[in-house]
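**Q** In the order they appear, the protein sequences are chains V and B. 326 is the number that the UniProt record's numbering gives the last residue of the first sequence; the numbers go up by one with no jumps. 326 is the number that the UniProt record's numbering gives the last residue of the second sequence; the numbers go up by one with no jumps. All C-beta atoms in this analysis are idealised placements derived from N, C-alpha and C, irrespective of residue type, glycine included. Below are the structure tokens for one structure; questions will follow.
2 protein chains.
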Amino acid sequence: MPKVTIATVADRAGVSRQTVSNVLNTPEVVREETRERVREAITALGYRVSQAARQMRTGRSRLIAVRIEPARDGINGSVLDRFLHGLTDAAAPAGYRVMLYTATDDDGEIATYEDLLTAYDLDAFVLTSTHHGDVRTSWLAERQVPFVTFGRPWGAPDTHSWVDVDNAAGTEAATRHLLGSGHRRIGFLGWPAGSGVGDARRDGWATALSSAGLPSAGLDRAVADGIDPGADAARDLLPSVDALVCASDSLALGALRAARELDHRCAVIGFDDTAVAQAVGLTSVSQPLTEAAARCIDLLAGVLDRSAETRQLLLQPSLVLRQTAP
Amino acid sequence: MPKVTIATVADRAGVSRQTVSNVLNTPEVVREETRERVREAITALGYRVSQAARQMRTGRSRLIAVRIEPARDGINGSVLDRFLHGLTDAAAPAGYRVMLYTATDDDGEIATYEDLLTAYDLDAFVLTSTHHGDVRTSWLAERQVPFVTFGRPWGAPDTHSWVDVDNAAGTEAATRHLLGSGHRRIGFLGWPAGSGVGDARRDGWATALSSAGLPSAGLDRAVADGIDPGADAARDLLPSVDALVCASDSLALGALRAARELDHRCAVIGFDDTAVAQAVGLTSVSQPLTEAAARCIDLLAGVLDRSAETRQLLLQPSLVLRQTAP
């Protein structure tokens, strides 16, 4: 027997699927006559869908949307892929399914929200890559669309629920580890100022040096992310340092290459503990991505129950020791 | 900014409005070259299909489901992540959204199909990791649920539409490249017999050696995937070979490590051109994953239009040359 779906019901009642969905979810917006016709079709076809039933009961679709990032250099991009794996794993037992979308910038993403909210009964969004001047959260908040973010609202008040990893604590631990191994001239390779995550990673390094009574001035470089920019910046810094903390594994790989070329002994620590770090023996700061994803799903429950207070969770990273800074 | 319509897209692509509509709804009836031109215009103009409008017209949800794999060693697992990025990118302009699910084996995946088909109005599934004795495809076929697979039906008849990459051609090209560089004792590191993909990768190596009149007997090892098993197997083989073709970048990394430890000069070629290959300078066979994902979306249109014949597409991999086998 063919499966009875909303489409079958819509066909029989001679209405659109949206109308059937409206009858199930917001019957007050449907004319009474149409409503009756749809309900007759539902009864005649024996349309009984657990999801639809739940949707009628709870007004929820159990569908959440998350952006999938364009594949960048394949090293750092893997971080959000791991978050996505964790999110899908955590969503299923909680009864949620994850829908993907792509967008190249905030405006494009907001346009996609409109499209998704028109076309699908989404329960909520999980936003990643929050940043200064992020217009996505206020857009969603104004329209009362439920969401949580992986990443804090940089420079904006804490008005929504979020999960983040303490980036500064990660580079501070990395720098302390190098200090503990006897290094005293510890440099930092990071990104241009202005990115919340990047600035926090630089701050952690500077804080650790300052606590140890060591200067940090002149010992950092800000470049675009990638192996080549990392190698260039490291070549410039290496004469002055014997250890480097890096804002990413890509930059750290560049630093390792420069140190090898210059035959300059230099401890190197990356950030994100990617597969590449594992493959080349790079010490790296590891974000608890599976944990972060699971906590996002936890917080969603509170967000969907609008009476709950917003909650913010800052998770601690850990340092994975390998040959480049044992 | 003026609103972008089908007419605007048609003007820019130099085709009729009907052709644009065909590309959006029944792309299989449009010549590939025209299809590409229209898609370029769609992307350039930022044309967004109104999902709600189309759903009313076609009775389809435009929601497709794909499994997201558990994150394995983070090296080889990234291949399916890249496929997923490609799928989401290709799905959006065609008006589809991608929904994720997880499963640990075929039976678990089939249980998930039942859940998804009951709970959501899915249009189709895209299956990955096809294998011998795959019970998923027959389950879906019996229930007339539309699907395409990335991966051919190993050992089963071609009764559904699929896209695959010619694995044997990849290792054959890798082996020929090594032969062309003067290597004559070329070994192979692969997986235990029985996996369609693994056997095909071994076959390509053996075929190239046989065509060159060289023996392959005793020059291959079958081990579990991973850096450590690759290093162990390579240690065993290295005395007899001066080059190694590997079924994965993980195995190739292990081979590189063993060669370094034994101080044995050995060219190494991996498979999948992962970020790790890029980072360590490993020559590797590259699968056209973005292309494969786009073709899956193309084939879906034919599958959803049940009158269309099933189609099978075998794509060619390419060899990315780096330091380990220049």
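Find the nearest neighbour of residue 119/B within the set 47/V, 180/V and 103/V, judged by alpha-carbon distance.
**A** That would be 47/V, whose Cα lies nearest to the Cα of residue 119/B.
**Q** Any idea if residue 31/V is buried or exposed, counting beta-carbon neighbours within 10 angstroms, 16 or more meaning buried?
**A** Label assigned to residue 31/V: exposed.
**Q** Compile a chain-ordered list of the residues in the segment 89–109 of chain B whose CB is closer than 8 Å to at least one CB of chain V.
**A** Going along the segment 89–109 of chain B in chain order, one finds 89, 92, 97, 98, 99, 100, 101 and 102 with a Cβ nearer than 8 Å to chain V.
**Q** Report the neighbours of residue 173/V on chain B: residues whose CB is nearer than 7 Å to its CB, in chain order.
**A** Those do not exist, as residue 173/V stays about 22 Å from chain B at its closest Cβ, beyond 7 Å.
**Q** Which value, in whole angstroms, describes the spacing of the CA atoms of residue 260/V and residue 197/V?
**A** Those two C-alpha atoms are separated by around 29 Å.
**Q** Alpha carbon to alpha carbon, how far is residue 200/V from residue 286/V?
**A** Going from the Cα of residue 200/V to the Cα of residue 286/V covers about 15 Å.
**Q** Specify whether the segment 291–310 of chain B and the segment 124–133 of chain B touch according to this definition: at least 3 beta carbon pairs, one from each stretch, less than 8 Å apart.
**A** Judged by Cβ distances under 8 Å, the segment 291–310 of chain B makes contact with the segment 124–133 of chain B, as three or more pairs qualify.
**Q** Applying the criterion that 16 or more other CB atoms from any shown protein chain within 10 Å of the CB defines a buried residue, is residue 304/B buried or exposed?
**A** Buried.
**Q** What residues in its chain sit with their C-beta under 7 Å from that of residue 1/B, if we drop five residues either side in the sequence?
**A** Bear in mind that a pLDDT of 41 at residue 1/B, under 50, signals an unreliable position, so the number given afterwards is only what the model happens to contain. There are no such residues.
**Q** What does residue 78/B reach in chain V if we use C-beta pairs closer than 8 Å?
**A** In chain order: 74, 78, 81 and 275.
**Q** Output, in chain order, the set of chain B residues within a Cβ distance shorter than 8 Å of residue 5/V.
**A** Ordered by position in chain B, the residues that pass the 8 Å Cβ test against residue 5/V are 121.
**Q** Below 8 Å between beta carbons is the criterion; list the residues of the segment 270–299 of chain B that meet it against any residue of chain V, in chain order.
**A** Against chain V - using a Cβ distance shorter than 8 Å - the residues of the segment 270–299 of chain B are 274, 275, 276, 278, 279 and 280.
**Q** Examine chain B for any beta-carbon lying closer than 7 Å to the beta-carbon of residue 186/V, and answer yes or no.
**A** No, because no Cβ of chain B sits closer than 7 Å to the Cβ of residue 186/V.
**Q** Can you name the start and end residues of the alpha helix (DSSP H) that residue 250/V belongs to?
**A** Segment 249–262, the alpha helix (DSSP H) holding residue 250/V.
**Q** Taking buried to mean at least 16 other C-beta atoms within 10 Å of its own C-beta, is residue 309/B buried or exposed?
**A** Label assigned to residue 309/B: exposed.
**Q** Could you tell me the distance, in whole angstroms, from the CA atom of residue 271/V to the CA atom of residue 108/B?
**A** Each residue's alpha carbon lies about 35 Å from the other.
**Q** Are three or more beta carbon pairs between the segment 174–185 of chain V and the segment 142–162 of chain V nearer than 8 Å?
**A** As far as the Cβ criterion goes, the segment 174–185 of chain V does not touch the segment 142–162 of chain V, which means the pair count is below three.
**Q** Just to make sure I have the definition right: I need the residues of chain V whose C-beta is within less than 8 Å of the C-beta of residue 253/B. Which are they?
**A** The answer, in chain order, is 279.
**Q** Curious, which full-length alpha helix (DSSP H) runs of at least 4 residues does the segment 198–245 of chain B contain?
**A** Those alpha helix (DSSP H) runs which fall completely within the segment 198–245 of chain B and span 4+ residues are 227–237.
**Q** In terms of residues, what are the limits of the alpha helix (DSSP H) holding residue 42/V?
**A** Element bounds for residue 42/V: 32–45.
**Q** Which runs of the alpha helix (DSSP H), 4 residues or longer, sit entirely within the segment 116–159 of chain B?
**A** Listed in chain order, they are 136–142.
**Q** Classify residue 262/B as buried or exposed, calling it buried when 16 or more other Cβ atoms lie within 10 Å of its own Cβ.
**A** Label assigned to residue 262/B: exposed.
**Q** The segment 219–232 of chain B: which residues have C-beta closer than 8 Å to a C-beta of chain V, in chain order?
**A** Cβ contacts with chain V: 227.
**Q** Output yes or no for whether 7 Å exceeds the beta carbon distance between residue 188/V and residue 205/V.
**A** Yes, they are a contact pair.
**Q** Can you name the start and end residues of the alpha helix (DSSP H) that residue 6/V belongs to?
**A** Counting along the chain, the alpha helix (DSSP H) containing residue 6/V begins and ends at 6–13.
**Q** Should residue 62/B and residue 96/B be called a contact, given that it needs their Cβ atoms to be closer than 7 Å?
**A** Their beta carbons are under 7 Å apart, which means residue 62/B touches residue 96/B by this criterion.
**Q** Within a Cβ cutoff of 8 Å, which residues of the same chain sit near residue 242/B, ignoring the five residues on either side of it in sequence?
**A** The residues are 183, 184, 185, 186, 265, 266 and 267.
**Q** Determine, using beta carbons only, whether residue 42/V comes closer than 7 Å to chain B.
**A** No, its Cβ sits nowhere closer than 7 Å to a Cβ of chain B.
**Q** Quick one: is residue 68/V near chain B, going by C-beta distance under 7 Å?
**A** With 7 Å as the cut-off, residue 68/V counts as an interface residue toward chain B.
**Q** Answer yes or no: do residue 195/V and residue 225/V have a C-beta to C-beta separation smaller than 7 Å?
**A** Taking 7 Å as the Cβ cut-off, residue 195/V and residue 225/V do not qualify as a contacting pair.
**Q** According to the neighbour-count rule (16 or more other Cβ atoms, all chains shown, within 10 Å of its Cβ), is residue 218/V buried or exposed?
**A** Under this definition residue 218/V is an exposed residue.
**Q** When you compare the CB positions of residue 169/V and residue 312/V, do they come within less than 7 Å of one another, or not?
**A** No, the pair does not count as a contact, with Cβ atoms beyond the cut-off.
**Q** Taking 7 Å as the threshold (C-beta atoms), are residue 6/V and residue 15/V in contact?
**A** In this structure, residue 6/V does not lie closer than 7 Å to residue 15/V by Cβ.
**Q** Do residue 322/V and residue 289/V have their CB atoms nearer than 7 Å?
**A** No, the pair does not count as a contact, with Cβ atoms beyond the cut-off.
**Q** Quick check on residue 314/B: buried or exposed, where buried means 16 or more other Cβ atoms within 10 Å of its Cβ?
**A** It is exposed - the Cβ of residue 314/B has fewer than 16 other Cβ atoms within 10 Å.
**Q** With DSSP run on the structure shown, which of helix, strand or coil describes residue 324/B?
**A** If DSSP states are grouped into helix, strand and coil, residue 324/B belongs with coil.
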